[in-house]
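Asks: First, the structure itself, so that you have it in front of you.
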Amino acid sequence: MSNQVYIFDTTLRDGEQVPGCKLDTKEKIQIARGLEELGVDIIEAGFPISSPGDFESVVAISKAVKTPTICALSRAVEKDIQRAGEALEYAKRGRIHTGIGTSDQHIFNKLNSTREQIIERGVAAVKFAKKYVEDVEFYAEDAGRTDNEYLARVIEAVIKAGATVVNIPDTTGFCLPEIYGAKIRYLMENVPNIHKAIISSHCHNDLGLATANSIMAVQNGARQIECTINGIGERAGNTSLEEVVMIMKKHPKVNLHTNINSKLLYPMSRLVSETMNMHVQPNKAIVGSNAFSHSSGIHQDGVIKNRETYEIIAPEEVGVAANSIVLTARSGRAALKFRFKLLGIEIQQDEMEQVYENFLAKADTVKEVKDEDLKELYARHKEVVG
Ligand code: KIV
Ligand code: ZN
Numbered sequence: 001m002s003n004q005v006y007i008f009d010t011t012l013r014d015g016e017q018v019p020g021c022k023l024d025t026k027e028k029i030q031i032a033r034g035l036e037e038l039g040v041d042i043i044e045a046g047f048p049i050s051s052p053g054d055f056e057s058v059v060a061i062s063k064a065v066k067t068p069t070i071c072a073l074s075r076a077v078e079k080d081i082q083r084a085g086e087a088l089e090y091a092k093r094g095r096i097h098t099g100i101g102t103s104d105q106h107i108f109n110k111l112n113s114t115r116e117q118i119i120e121r122g123v124a125a126v127k128f129a130k131k132y133v134e135d136v137e138f139y140a141e142d143a144g145r146t147d148n149e150y151l152a153r154v155i156e157a158v159i160k161a162g163a164t165v166v167n168i169p170d171t172t173g174f175c176l177p178e179i180y181g182a183k184i185r186y187l188m189e190n191v192p193n194i195h196k197a198i199i200s201s202h203c204h205n206d207l208g209l210a211t212a213n214s215i216m217a218v219q220n221g222a223r224q225i226e227c228t229i230n231g232i233g234e235r236a237g238n239t240s241l242e243e244v245v246m247i248m249k250k251h252p253k254v255n256l257h258t259n260i261n262s263k264l265l266y267p268m269s270r271l272v273s274e275t276m277n278m279h280v281q282p283n284k285a286i287v288g289s290n291a292f293s294h295s296s297g298i299h300q301d302g303v304i305k306n307r308e309t310y311e312i313i314a315p316e317e318v319g320v321a322a323n324s325i326v327l328t329a330r331s332g333r334a335a336l337k338f339r340f341k342l343l344g345i346e347i348q349q350d351e352m353e354q355v356y357e358n359f360l361a362k363a364d365t366v367k368e369v370k371d372e373d374l375k376e377l378y379a380r381h382k383e384v385v386g
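Quick note on numbering: our numbering labels position 379 of the sequence shown as 379, and the sequence is numbered without any gaps.
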């Protein structure tokens with residue numbers, strides 16, 4: 001089995017469903033071009049039946065972007081699939097992503113159906129989609145809560161019908177990593193034709209487990225991860241692209257790789273955050289504004305001596321210009337000296353105690369001591385000592 005994991009980005013579909021994140025076609029093209037440059041393998045560009053605007057965006061992205069596969073979502077309904085197929089007409093490589101709920105919750109409460117009918121509908125949807133594109137991905141919605149034995153039957157049937165990728169969504173974000181990993185392993189071991197398709201993970205973050213679950217999936221045989229920039233998506237969001245990519249890049253134990261150019265992760269995060277007007281929490285892994293800033297004295301001292309003491313990723317590796325030593329009342333002398341040095345001011349040994357005392361007095365009155373404050377502090381210190 002290959003060590004390559006395909007990155008399927010759904011920022012423009014699952015991500016764009018978030019209230020307030022709606023984009024126009026021009027903005028979607030800008031993001032799609034960014035994703036292409038970043039190196040994603042598949043861009044889920046939209047849900048064409050949902051609105052004329054979404055249809056147009058999938059057409060426009062298909063024309064604008066050439067390297068990644070362009071994917072369009074549909075339900076397991078002919079008119080949806082037809083619309084998705086039409087929207088992909090200009091895609092160099094097009095994929096239809098069709099599917100249906102497979103958990104008892106979905107089958108009996110939402111779809112008012114039976115397990116056997118769901119398999120028939122899934123098979124019919126895949127066969128119908130094959131009339132438009134060769135590459136058909138099937139999603140078993142709420143697979144996270146679907147009984148494994150039944151799920152294996154569904155997956156075997158849709159692969160037989162021609163599905164090239166089978167998506168096992170943890171739609172409600174309920175699975176524990178070991179349960180989700182075991183589900184993927186079960187499918188690998190119990191679906192006789194599984195080698196004819198790629199298994200994909202699609203995890204939601206309702207319990208904060210989306211990244212862990214996606215990594216468990218690839219460690220158990222999945223070879224595609226569905227994710228979004230900054231982890232945006234329905235409710236608590238989807239798996240964060242930057243997190244899974246950096247886990248695979250940094251952990252030799254995982255021993256998997258992607259086509260992503262990690263140096264573009266931070267610029268891409270900014271682009272999505274600004275276009276969608278969706279703030280990134282400062283402590284967000286990899287791309288948050290605090291991800292490479294150090295504020296406690298002990299950490300600052302360690303990082304100044306050797307970056308790797310407290311950093312497992314070099315900021316440049318993800319496109320962040322440099323780490324930052326933030327000055328607060330918790331900062332020590334080493335950090336203060338370091339920050340003065342960046343301003344071209346060399347603090348001598350014999351003046352440090354006085355400067356540090358003045359610094360602490362200032363730091364107790366503000367959240368962060370900035371460059372301007374340091375310059376003022378130093379000027380006042382020079383005035384006093386002459
Ligand atoms: O979360 C989910 O189940 C989905 C499917 C439509 C793939 O987004
Ligand atoms: Zn989803």
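Using N, Cα and C, we set each Cβ at its ideal position, and we do this for glycine too. Note that the coordinates shown come from a computational prediction; the quantities given were computed from them, not determined experimentally.
1. What does the alpha-carbon distance come out to for the pair G297 and N148?
2. Since V191 and A152 are thought to touch, with beta carbons under 8 angstroms apart, how far apart are those beta carbons, to the nearest angstrom?
3. Can you round the beta-carbon distance between S269 and I229 to whole angstroms, since I take them to be within the 8 angstroms contact cut?
4. List in chain order: all unbroken alpha helix (DSSP H) runs of 4+ residues lying wholly within the segment 58-125.
5. Is D14 near the ligand ZN, going by C-beta to nearest heavy atom under 7 angstroms?
6. Indicate, with yes or no, if the ligand KIV has a heavy atom lying under 7 angstroms from the CB of T171.
7. So, is P68 buried or exposed, given that buried needs 16 or more other C-beta atoms within 10 angstroms?
8. Threshold first: 3 residues or longer. Then list the beta strand (DSSP E) segments lying entirely within the segment 115-188, N to C.
9. The ligand ZN and G233: does the residue's C-beta get closer than 7 angstroms to at least one heavy atom of that ligand?
10. Does the distance between the C-beta of L73 and the nearest non-hydrogen atom of the ligand KIV fall short of 7 angstroms?
11. Between I199 and S324, what straight-line distance do the alpha-carbon atoms span, to the nearest angstrom?
12. Would the beta-carbon of N167 be found less than 7 angstroms away from any heavy atom of the ligand KIV?
13. Do D170 and G208 have their C-beta atoms within less than 8 angstroms of each other?
14. Could you spell out where the beta strand (DSSP E) holding I198 opens and where it closes?
15. Quick check on DSSP: helix, strand or coil for D206?
16. Measure the alpha-carbon distance for R235 versus E274 and round it to whole angstroms.
17. Closer than 8 angstroms is the cut-off here; do at least three beta carbon pairs connect the segment 162-176 with the segment 121-138?
18. Quick check on the burial criterion: 16 or more other C-beta atoms within 10 angstroms. Buried or exposed for V366?
19. With distances taken Cα to Cα, identify the nearest neighbour of D364 among F138, N167, L327.
20. With 16 other CB atoms within 10 Å as the buried threshold, where does Q224 fall?
21. Does the Cβ of H202 lie closer than 7 angstroms to at least one heavy atom of the ligand KIV?
22. Who are the Cβ neighbours of M422 in its own chain at under 8 angstroms, not counting the five residues just before and after it?
23. Have a look at P48 and T11 and give me their C-alpha separation to the nearest angstrom.
24. I need the straight-line Cα distance from Q82 to E89, nearest angstrom please.
25. Look up V369 in the DSSP assignment and give the residues it is bridged to.
26. Quick one: give me the first and last residue of the beta strand (DSSP E) that E16 is part of.
27. By the DSSP assignment, the alpha helix (DSSP H) with F338 in it spans what residues?
28. Keeping to the same chain, check which residues put their C-beta closer than 7 angstroms to that of L374; ignore five residues upstream and five downstream.
29. For a test of the three-state rule: what should DSSP assign to H299, helix, strand or coil?
30. Check whether the segment 104-111 and the segment 50-66 touch, using three or more Cβ-Cβ pairs below 8 angstroms as the test.
31. Pull up the DSSP beta-bridge partners for G34, would you.
32. Three or more C-beta pairs closer than 8 angstroms, one from the segment 52-59 and one from the segment 7-25: is that the case here?
33. Which residues does DSSP list as the beta-bridge partners of Q4?
34. Could you please give the first and the last residue of the uninterrupted beta strand (DSSP E) stretch that includes E226?
35. Taking all protein chains shown into account, decide if E242 is buried (16 or more other Cβ within 10 angstroms of its Cβ) or exposed.
36. Span of the beta strand (DSSP E) holding E44?
Replies: Looking at the coordinates:
1. 51 angstroms
2. The pair is a contact, with the Cβ atoms about 5 angstroms apart (cut-off 8 angstroms).
3. 6 angstroms
4. 78-87
5. With a cutoff of 7 angstroms, D14 counts as near the ligand ZN, since its C-beta is closer than that to a heavy atom of the ligand.
6. yes
7. Counting C-beta atoms within 10 angstroms of its own C-beta, P68 has 16 or more neighbours from the protein chains shown and is therefore classed as buried.
8. 135-141, 165-170
9. Correct: G233 has its Cβ closer than 7 angstroms to the ligand ZN.
10. yes
11. Distance from the CA atom of I199 to the CA atom of S324, rounded to whole angstroms, is 40 angstroms.
12. yes
13. no
14. 198-203
15. coil
16. 20 angstroms
17. They touch, by the three-pair rule.
18. exposed
19. L327
20. buried
21. yes
22. Given that the chain is displayed from residue 1 to residue 386, the structure contains no residue 422 and the question cannot be resolved.
23. Those two C-alpha atoms are separated by around 15 angstroms.
24. 11 angstroms
25. L327
26. Segment: none, E16 is in no beta strand (DSSP E) and carries neither H nor E.
27. 333-342
28. R339, F340, L343
29. helix
30. no
31. DSSP lists no partner for G34.
32. yes
33. H257
34. 224-227
35. buried
36. 42-46
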